[in-house]
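Here the structure comes first, spelled out in structure tokens, and everything after it is commentary.
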Amino acid sequence: MLTSIAGKSVIVTGGSKGIGKGIAKVFAAQGAKVMIAARGAEAAELAAAEIRDAGGTAEWLPCDVADWESVQAMVERTVELFGGVDILCANAGIFPQVKMLDMSPEDWDGVMATNLKSTFLCVKACIPVFEKAGKGRVIVTSSITGPVTGFPGWAHYGASKAGQLGFLKTAAMELSRYNTTINAVMPGNIYTEGLQDLGEDYLKTMAASIPLKRLGAVEDIGNAALFFASDEAAYVTGQQIVVDGGQILPE
Ligand code: NDP
């Protein structure tokens with residue numbers, strides 16, 4: 015059994031939906047205090063309420079992860095409310111599909127800001143907190159798309175997700191002086207509300223093409239994040255783990 019993270023303060027960006035909500039629930043089930051950071055109030059309130067109804071501790075704060083002042087304010091308020099930040103899950107991301115011919119420079123910049131710049135901003139805002147505490151953990155949600163595979167319409171998305179892994183190598187070296195680790199989870203196809211739009215038949219075909227014959231659950235990503243947050247992972251930093259049911263294995 016992993017060492018308990020009960021009582022630890024965890025920020026989950028994008029914790030109001032999908033994978034982030036799964037991460038938030040997994041951490042809350044272990045007794046952590048979860049701060050959900052997202053833009054939309056309705057989903058964030060609902061996610062926090064679901065966790066509280068299940069006996070956990072969760073609050074939410076409005077935050078645009080692409081905006082430095084917004085990120086700083088969110089981290090400062092979390093420290094006020096929870097007494098610190100032990101673990102940052104930099105998870106929020108967007109994945110609009112646009113082929114390059116139709117992709118505007120603004121489309122590119124928007125995805126880079128929300129997926130990649132945000133990772134830097136969230137880590138930067140937490141550094142003084144980690145420094146003061148003498149410890150910290152960062153878990154980044156990257157993807158297999160970009161670092162390992164490609165997908166038409168996701169040139170900007172793939173570049174942002176590969177960029178996160180490039181960022182974390184140097185970040186791991188810099189954060190080590192604050193006894194802080196940073197690692198990434200690289201999900202494959204995870205079943206979220208967003209995927210439902212693709213239709214039942216498409217999802218069945220997708221699942222059949224995966225060696226473990228199912229789409230990933232949000233909890234699969236939450237559990238990998240939990241490992242990186244645990245004491246047992248104290249000597250692991252600058253690394254990434256693929257959680258994809260074997261999707262990227264060669265035939
Ligand atoms: P969802 O669309 O289900 O959820 C995205 C979350 O991020 C929401 O809570 C959303 O809230 C938040 N968010 C988006 N933009 C911002 C912003 N600017 N500031 C703050 N919060 C923001 O996505 P997923 O759960 O599917 O994806 C989560 C992460 O997992 C992403 O980084 C994605 O790249 C990665 N991933 C997902 C895979 C999958 O199969 N689903 C596969 C591989 C990686 P709001 O809009 O209210 O701000």
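Under this note's numbering, think of the first position of the sequence shown as 15, with each following residue one higher. Beta carbons: idealized from backbone N, C-alpha and C, even for Gly.
Once the 5 residues before and after residue i are set aside, which same chain residues still bring their CB inside 7 Å of it?
i, result
"A221", "K227, R228, L229"
"A127", "A80"
"E233", "G36, V40"
"G259", "G202, I224, P225, L226, R228, G230"
"S84", "C77, D78"
"A176", "G160, P161"
Keeping to the same chain, check which residues put their C-beta closer than 8 Å to that of residue i; ignore five residues upstream and five downstream.
i, result
"A198", "I153, V154, T155, S156, Q178, L179, L182, Q253, Q254, I255"
"I235", "I33, G36, I37, T155, V199, P201, I204, V257"
"V89", "I25, V99, C136, A139, C140, V143"
"K131", "A80"
"M187", "G252"
"R53", "P76, C77, D78"
"N237", "V40"
"G69", "none"
Hey, how far is the Cα of residue i from the Cα of residue j?
i, j, result
"G167", "V112", "4 Å"
"I224", "L212", "17 Å"
"T159", "E265", "18 Å"
"D100", "Y216", "40 Å"
"F96", "A58", "18 Å"
"M117", "A169", "9 Å"
"L189", "I141", "8 Å"
"Y171", "D67", "35 Å"
"R151", "A239", "10 Å"
"W82", "T133", "11 Å"
"Y192", "T184", "14 Å"
"C77", "I50", "9 Å"
"G107", "G29", "11 Å"
"L10", "T71", "In the structure displayed, the chain extends from 15 to 265; residue 10 sits before or after that span and is not available."
"A87", "V93", "10 Å"
"K22", "E120", "38 Å"
"G164", "F242", "26 Å"
"E214", "A42", "31 Å"
"G45", "I65", "11 Å"
"A248", "E56", "36 Å"
"G148", "D123", "35 Å"
With C-beta atoms as the reference, is residue i less than 8 Å away from residue j?
i, j, result
"L115", "V79", "no"
"S250", "T195", "A small fix is needed here, since residue 250 is Val in this sequence, not Ser. Against a cut-off of 8 Å, the Cβ pair of T195 and V250 comes out as a contact."
"I262", "V162", "yes"
"V24", "K39", "no"
"V91", "L102", "Strictly speaking, residue 91 in this sequence is Arg, with Val absent from that position. Cβ atoms of R91 and L102: not closer than 8 Å."
"A62", "E73", "yes"
Ignore the nearest five residues each way along the sequence and tell me which others in residue i's own chain have a CB closer than 6 Å to its CB.
i, result
"L16", "S244, E246"
"A104", "T27, T133, C136, V154"
"S174", "V125, M126, N129, L130"
"A206", "Note that residue 206 is Thr in the sequence shown, not Ala. Cβ neighbours of T206 beyond the five flanking positions: G32."
"P110", "none"
"G145", "Here residue 145 turns out to be Glu, not Gly, going by the sequence shown. Here the set comprises Y192."
"K218", "none"
Which residue or residues does DSSP assign as beta-bridge partners of residue i?
i, result
"V257", "P201"
"I196", "V152"
"K47", "S23, T71"
"W28", "Here residue 28 is Gly; the residue named in the question, Trp, does not match the sequence. DSSP, once it has assigned bridges, lists no residue as partnering G28."
"P76", "A52"
"L102", "I25, V152"
"G36", "G36 is not bridged to any residue."
"T159", "T163"
"G172", "In DSSP, G172 forms no bridge with anything."
"G230", "I204"
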